[in-house]
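Order-wise, the sequence lines are chains A and B. The first sequence begins at 25 in the working numbering and counts up by one. The second sequence begins at 5 in the working numbering and counts up by one. Report on one structure; see the data block that follows.
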Amino acid sequence: MIGNIVKKEFKELFTIATLIPIVVIAVVFGLVGQTIGNIGETMEEKPVIGIVDMDDGDFSDIAMSVLIETAEVIYDGSDAEEGLEEVREGNGVALLVIPESFSQSIYANQAGEIEIYWIMRGAGMMDSISSGALEGLIQAVNQGISSELIQQDSSSDPALVLNPTKRIDTTFFKGKEIKGLSPSALGNMLMSQSIVIPIVIMMLIIMAGSSVISSMGMEKENKTLETLLTMPVRRSHVVIGKMVGSALVGMIMAAIYMIGFSRYMNSFQISDINLADFGLAMGMQDYLLVGISLFTALLAGLSLCIVLGTFAKDYRSAQALIFPITALAMISVFITMFKDFDTIPAALKVLVFAIPFSHPMMAIRALMLDNYSLVIGGIAYTAVFTVIMVAVAVRIFNSDRLLTGSVRKRVGLGKLGWGFRR
Amino acid sequence: MRVIATLLQITSGSVTVFDYELPKEAGEVRRIISYLPEEAGAYKNLTGKDYLNFIAKFFGEGEKFQDMVQKGLEIANLGDRINDKVDTYSKGMTRRLLVGRALMVNPRLAILDEPTSGLDVVNAQEVRRIINSAAGAGTAVLLSSHNMLEVELLCHRIALINDGKIVASGTAAELKKEYDAGNIEEAFVKAIK
Numbered sequence: 025m026i027g028n029i030v031k032k033e034f035k036e037l038f039t040i041a042t043l044i045p046i047v048v049i050a051v052v053f054g055l056v057g058q059t060i061g062n063i064g065e066t067m068e069e070k071p072v073i074g075i076v077d078m079d080d081g082d083f084s085d086i087a088m089s090v091l092i093e094t095a096e097v098i099y100d101g102s103d104a105e106e107g108l109e110e111v112r113e114g115n116g117v118a119l120l121v122i123p124e125s126f127s128q129s130i131y132a133n134q135a136g137e138i139e140i141y142w143i144m145r146g147a148g149m150m151d152s153i154s155s156g157a158l159e160g161l162i163q164a165v166n167q168g169i170s171s172e173l174i175q176q177d178s179s180s181d182p183a184l185v186l187n188p189t190k191r192i193d194t195t196f197f198k199g200k201e202i203k204g205l206s207p208s209a210l211g212n213m214l215m216s217q218s219i220v221i222p223i224v225i226m227m228l229i230i231m232a233g234s235s236v237i238s239s240m241g242m243e244k245e246n247k248t249l250e251t252l253l254t255m256p257v258r259r260s261h262v263v264i265g266k267m268v269g270s271a272l273v274g275m276i277m278a279a280i281y282m283i284g285f286s287r288y289m290n291s292f293q294i295s296d297i298n299l300a301d302f303g304l305a306m307g308m309q310d311y312l313l314v315g316i317s318l319f320t321a322l323l324a325g326l327s328l329c330i331v332l333g334t335f336a337k338d339y340r341s342a343q344a345l346i347f348p349i350t351a352l353a354m355i356s357v358f359i360t361m362f363k364d365f366d367t368i369p370a371a372l373k374v375l376v377f378a379i380p381f382s383h384p385m386m387a388i389r390a391l392m393l394d395n396y397s398l399v400i401g402g403i404a405y406t407a408v409f410t411v412i413m414v415a416v417a418v419r420i421f422n423s424d425r426l427l428t429g430s431v432r433k434r435v436g437l438g439k440l441g442w443g444f445r446r
Numbered sequence: 005m006r007v008i009a010t011l012l013q014i015t016s017g018s019v020t021v022f023d024y025e026l027p028k029e030a031g032e033v034r035r036i037i038s039y040l041p042e043e044a045g046a047y048k049n050l051t052g053k054d055y056l057n058f059i060a061k062f063f064g065e066g067e068k069f070q071d072m073v074q075k076g077l078e079i080a081n082l083g084d085r086i087n088d089k090v091d092t093y094s095k096g097m098t099r100r101l102l103v104g105r106a107l108m109v110n111p112r113l114a115i116l117d118e119p120t121s122g123l124d125v126v127n128a129q130e131v132r133r134i135i136n137s138a139a140g141a142g143t144a145v146l147l148s149s150h151n152m153l154e155v156e157l158l159c160h161r162i163a164l165i166n167d168g169k170i171v172a173s174g175t176a177a178e179l180k181k182e183y184d185a186g187n188i189e190e191a192f193v194k195a196i197k
């Protein structure tokens with residue numbers, strides 16, 4: 025008896041319609057994971073660096089031996105300009121310049137300065153793995169010098185023994201020279217500024233998208249759709265009305281969610297760096313572009329949802345159709361969080377660009393770095409995407425598909441009596 | 005009926021509703037028709053009155069809108085329950101609300117699909133009375149039903165359809181005479197043999 029019920033439930037729930045979205049999303053996630061690469065492998069790789077040792081003293085020798093042993097040194101010369109170029113071309117992380125007075129400063133009880141010229145290629149979490157590894161090597165250099173200081177002279181200043189070197193960071197990132205920040209500090213700062221928007225977008229798309237797809241499912245389940253479609257109103261107005269109504273509901277729900285989320289995020293806020301000091305502040309026109317990007321992405325998402333909603337047979341099937349939207353939003357969030365658009369492989373770039381929700385997620389970071397073409401291109405793409413999706417939705421609303429599930433299904437009257445009363 | 009109601013595409017032939025050709029003039033047709041599907045429902049989170057307001061706004065503003073809603077309230081005749089959510093209505097109450105919705109807009113053509121399907125005797129009789137009254141007031145009613153006795157009771161002209169084709173048409177008296185039948189149900193059975 026139980027087996028009979030289990031069989032019936034399985035047949036009812038395990039359908040092609042419910043299976044396809046899961047399989048597609050599983051494949052997409054698998055491809056994304058494979059394309060992004062393995063974090064462990066990246067962490068095990070030696071950071072590629074260049075070194076300019078202008079000191080040639082006792083302590084710079086220690087630093088050199090540690091670095092040569094633990095990093096892949098592709099430039100070891102005396103010309104900083106040339107070294108920087110080699111590191112850039114060799115896909116390296118940084119050029120380390122040990123100035124003339126390095127060992128002398130340490131002997132004089134002052135921290136020896138190491139100038140680090142970072143080549144930063146992306147601001148995603150995974151983009152800073154190599155620079156993080158190099159920061160670890162600098163710690164190893166410190167330890168080597170500390171141990172030498174302890175062996176040589178026990179009367180050294182304890183503060184100096186603990187921190188015998190001082191870093192002077194300069195980061196080159198997308199045409200900008202940012203003094204005083206390492207890639208990880210810069211990445212953290214950009215992340216803290218731009219992490220809220222992707223979460224807002226994701227919630228907005230999921231909430232509003234869920235509303236519009238459910239609305240279509242409920243129209244069919246409650247048998248109200250046929251009546252609505254015979255009202256003297258354009259089908260495009262029905263589509264737009266549903267989109268705007270759902271957007272409002274979605275925005276209210278996302279706003280409520282974000283009140284809680286922003287309080288949660290505030291508890292992690294540790295960066296008190298002023299963006300303007302590094303030429304990364306955003307102006308009014310930048311915020312306007314973020315707003316436009318957000319708005320067009322929302323419309324694009326909703327227009328896609330309304331097309332998906334036409335496939336809903338009832339409220340339950342509508343819930344299954346929300347899944348692809350949720351997954352697409354999550355893919356956008358994860359890729360933009362872990363990798364920078366410029367550092368992902370071409371295939372993934374196409375995927376990220378094609379998902380309309382990605383654009384506002386990338387907008388803040390891009391605008392901080394004056395990458396207007398990506399943001400404006402994204403807005404243009406999402407606008408075109410929206411127009412195409414609305415046109416598709418109106419076409420479906422004008423066809424038999426909504427009511428019959430098929431465009432070419434013949435009209436059958438069966439056996440009945442028709443009467444006129446006048 | 006769904007073709008005339010502008011819901012389905014025409015696969016062959018042509019359809020003209022009061023000089024308006026479908027699908028070219030579907031917008032004009034929608035202004036003069038009202039369609040009540042067999043399994044129609046109303047928005048469950050709206051009250052009955054809100055539902056009538058929602059529909060009436062598609063057809064008029066100001067006094068015209070008020071008159072339509074008033075007419076809808078009278079036809080539905082749900083008393084104070086009109087201010088309750090549709091979700092709480094019985095099948096009969098929902099059907100009366102929908103009949104009110106369909107006829108309040110003073111359509112030139114009301115397309116009613118099985119208007120009394122699933123209703124108890126009292127509600128079915130009330131719906132038939134409302135349809136009669138609308139027809140008396142000048143609305144053309146195109147009614148489809150499997151209940152031949154209802155068709156005979158309500159309709160001036162009847163078309164008997166089998167497998168999507170009209171097999172006979174005329175007044176009830178003409179059909180009964182043609183097939184030597186006591187009622188339309190009997191005439192139908194003879195017509196399709």
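Using N, Cα and C, we set each Cβ at its ideal position, and we do this for glycine too.
> Where do the N-terminal and C-terminal ends of the beta strand (DSSP E) with B/Tyr47 fall, by residue?
Replying inline: On the second sequence, position 43 is the one that residue 47 of chain B refers to. Where B/Tyr47 is concerned, there is no enclosing beta strand (DSSP E), given that its DSSP letter is neither H nor E.
> Are the Cβ atoms of B/Leu107 and B/Ala114 separated by less than 9 Å?
Replying inline: Along the second sequence, one-based indexing puts residue 107 of chain B at 103. Along the second sequence, one-based indexing puts residue 114 of chain B at 110. Yes, they are a contact pair.
>> Using a Cβ distance threshold of 8 Å, determine whether the region 301-316 of chain A contacts the region 371-380 of chain A, with at least three qualifying pairs required.
In response: no
> In three-state DSSP terms, what is A/Ser423?
Replying inline: Within the first sequence, the letter at position 399 stands for residue 423 of chain A. Of the three classes helix, strand and coil, the one that applies to A/Ser423 here is coil, per DSSP.
>> At the 9 Å Cβ level, is A/Asp424 part of the contact set with chain B, yes or no?
In response: The sequence position of residue 424 of chain A within the first sequence is 400, counting from 1. Closer than 9 Å to some Cβ of chain B, the Cβ of A/Asp424 qualifies, so yes.
> List, in order along the chain, the chain A residues whose C-beta lies closer than 8 Å to that of B/Thr10?
Replying inline: Working through the second sequence from its first residue, we reach residue 10 of chain B at position 6. The answer, in chain order, is Leu253 and Thr254.
>> Is the beta carbon of A/Tyr396 closer than 9 Å to that of A/Ala390?
In response: Taking the first sequence and counting its residues from 1, one reaches residue 390 of chain A at position 366. Taking the first sequence and counting its residues from 1, one reaches residue 396 of chain A at position 372. For A/Ala390 and A/Tyr396, yes; Cβs fall inside 9 Å.
> Does the beta-carbon of A/Lys363 have 16 or more other beta-carbons within 10 angstroms, so that it is buried, or is it exposed?
Replying inline: The sequence position of residue 363 of chain A within the first sequence is 339, counting from 1. Buried, by the Cβ-count rule.
> From A/Val273, A/Phe421, A/Phe83 and A/Gly114, pick the residue whose C-alpha is nearest to that of A/Gln175; which is it?
Replying inline: Here residue 175 of chain A is taken as the residue at index 151 of the first sequence, counted from 1. With distances taken between Cα atoms, A/Gln175 lies closest to A/Phe83.
>> Please list, in chain order, the residues of the region 66-88 of chain B that have any C-beta partner in chain A closer than 7 Å.
In response: none
> What does B/Pro41 touch in chain A if you count any residue whose Cβ is under 8 Å from its own?
Replying inline: As a working mapping, residue 41 of chain B is identified with position 37 in the second sequence. Result: Lys247, Glu250 and Thr251.
> Can you list, in chain order, the stretches of the beta strand (DSSP E) that have 3 or more residues and sit fully within the region 48-105 of chain B?
Replying inline: none
>> I want to verify the contact list: residues of chain B whose CB lies under 7 Å from the CB of A/Val257, in sequence order.
In response: Here residue 257 of chain A refers to the residue found at position 233 when the first sequence is read from its first residue. Ordered by position in chain B, the residues that pass the 7 Å Cβ test against A/Val257 are Phe62.
> Would a C-beta distance cut-off of 9 Å place A/Asp366 and A/Lys200 closer than the cut-off?
Replying inline: Counting from 1 along the first sequence, the entry for residue 366 of chain A is found at position 342. Counting from 1 along the first sequence, the entry for residue 200 of chain A is found at position 176. Not in contact: A/Asp366 and A/Lys200 (Cβ atoms no closer than 9 Å).
> Quick one: is B/Ile117 buried, meaning 16 or more other Cβ sit within 10 Å of its Cβ, or exposed?
Replying inline: For the purposes of this step, residue 117 of chain B is taken as residue 113 along the second sequence, with counting starting at 1. Note that residue 117 of chain B is Asp in the sequence shown, not Ile. The residue is buried, with at least 16 neighbouring Cβ atoms inside 10 Å.
> Distance, Cα to Cα, A/Arg446 vs A/Leu426?
Replying inline: For this step, residue 446 of chain A is matched to residue 422 along the first sequence. For this step, residue 426 of chain A is matched to residue 402 along the first sequence. Per-residue confidence for A/Arg446 stands at a pLDDT of 43, beneath the threshold of 50, marking its modelled position as unreliable; no derived number is given.
> What's the C-alpha gap between A/Met354 and A/Ile230?
Replying inline: As a working note, residue 354 of chain A is residue 330 in the first sequence. As a working note, residue 230 of chain A is residue 206 in the first sequence. Those two C-alpha atoms are separated by around 10 Å.
> What three-state label does DSSP hand B/Tyr24 in the structure shown?
Replying inline: Residue numbering aside, residue 24 of chain B sits at position 20 when the second sequence is read from its first letter. Strand, per DSSP.
>> Under 9 Å, Cβ to Cβ, is there at least one residue of chain A near B/Ile134?
In response: Counted from its first residue, the second sequence places residue 134 of chain B at position 130. No, B/Ile134 lies away from the interface with chain A (no Cβ there is under 9 Å from its Cβ).
>> For a quick check, are the C-beta atoms of B/Ile135 and B/Gly104 less than 9 Å apart?
In response: For this step, residue 135 of chain B is matched to residue 131 along the second sequence. For this step, residue 104 of chain B is matched to residue 100 along the second sequence. Going by C-beta atoms, B/Ile135 is not nearer than 9 Å to B/Gly104.
>> Can you look up A/Thr248 in the DSSP assignment and give me helix, strand or coil?
In response: Here residue 248 of chain A is taken as the residue at index 224 of the first sequence, counted from 1. It is coil, neither helix nor strand.
> Do B/Val73 and B/Lys89 have their C-beta atoms within less than 9 Å of each other?
Replying inline: Looking up residue 73 of chain B in the second sequence gives position 69. Looking up residue 89 of chain B in the second sequence gives position 85. No, they are not a contact pair.
> Hey, does B/Ser38 have any beta-carbon neighbour from chain A nearer than 9 Å?
Replying inline: By 1-based counting over the second sequence, the position of residue 38 of chain B is 34. Taking Cβ atoms only, chain A reaches closer than 9 Å to B/Ser38, which makes this a yes.
> Closest to A/Ile122 by CA distance: which of A/Gly74, A/Met275, A/Ser180 and A/Gly114 is it?
Replying inline: On the first sequence, position 98 is the one that residue 122 of chain A refers to. Measuring from the Cα of A/Ile122, the nearest candidate turns out to be A/Gly74.
> Quick one: which chain B residues come within Cβ less than 9 Å of A/Leu427?
Replying inline: The residue given as residue 427 of chain A occupies position 403 in the first sequence. What A/Leu427 touches in chain B: Arg6, Leu11 and Leu12.
> From this set, A/Ser270, A/Leu332 and A/Pro71, which residue's C-alpha is nearest A/Val90's C-alpha?
Replying inline: By 1-based counting over the first sequence, the position of residue 90 of chain A is 66. Comparing Cα-Cα distances from A/Val90 to each of A/Ser270, A/Leu332 and A/Pro71, the minimum goes to A/Pro71.
>> Rounded to the nearest angstrom, what separates B/Gly96 and B/Ala141 at their Cα positions?
In response: Here residue 96 of chain B refers to the residue found at position 92 of the second sequence. Here residue 141 of chain B refers to the residue found at position 137 of the second sequence. Rounded to whole angstroms, B/Gly96 to B/Ala141 spans 24 Å at the Cα level.
> Residues of chain A with a CB under 8 Å from the CB of B/Arg4: which are they?
Replying inline: Since the displayed chain B opens at 5 and closes at 197, residue 4 of chain B lies outside it and no answer follows.
>> What does the alpha-carbon distance come out to for the pair B/Thr20 and B/Ile86?
In response: The count along the second sequence starts at 1 and reaches residue 20 of chain B at position 16. The count along the second sequence starts at 1 and reaches residue 86 of chain B at position 82. About 37 Å.
> Are there 16 or more other CB atoms within 10 angstroms of the CB of A/Gly160, so buried, or fewer, so exposed?
Replying inline: If you number the first sequence from 1, residue 160 of chain A lands on position 136. Burial call: exposed.
> Residue ranges of each alpha helix (DSSP H) run of no fewer than 4 residues wholly in the region 204-269 of chain A, ordered along the chain?
Replying inline: 207-218, 220-245 and 249-253
> A/Tyr14 bridges to which residues according to DSSP?
Replying inline: There is no way to answer for residue 14 of chain A, as the model of chain A reaches only from 25 to 446.
>> Based on DSSP bridge pairs, tell me the residues matched to A/Tyr141.
In response: Stepping through the first sequence from its first residue, residue 141 of chain A is reached at position 117. In DSSP, A/Tyr141 forms a bridge with A/Leu119 and A/Thr194.
>> Since A/Lys247 and A/Lys337 should fall inside the 8 Å C-beta cutoff, what is the C-beta to C-beta distance between them, to a whole number of angstroms?
In response: In the first sequence, residue 247 of chain A corresponds to position 223, counting from 1. In the first sequence, residue 337 of chain A corresponds to position 313, counting from 1. Contact flag wrong, Cβ pair sits at about 12 Å.
>> Using CA atoms only, rank isn't needed, just tell me which of A/Gly57, A/Glu139, A/Lys32 and A/Glu105 is closest to A/Phe126.
In response: Numbered from its first residue, the first sequence carries residue 126 of chain A at position 102. Of the listed residues, the one whose Cα sits closest to A/Phe126 is A/Glu139.
> Which same chain residues, not among the five before or five after A/Met242, have their C-beta less than 6 Å away from its C-beta?
Replying inline: Taking the first sequence and counting its residues from 1, the one referred to as residue 242 of chain A is at position 218. These residues qualify, in order along the chain: Tyr339.
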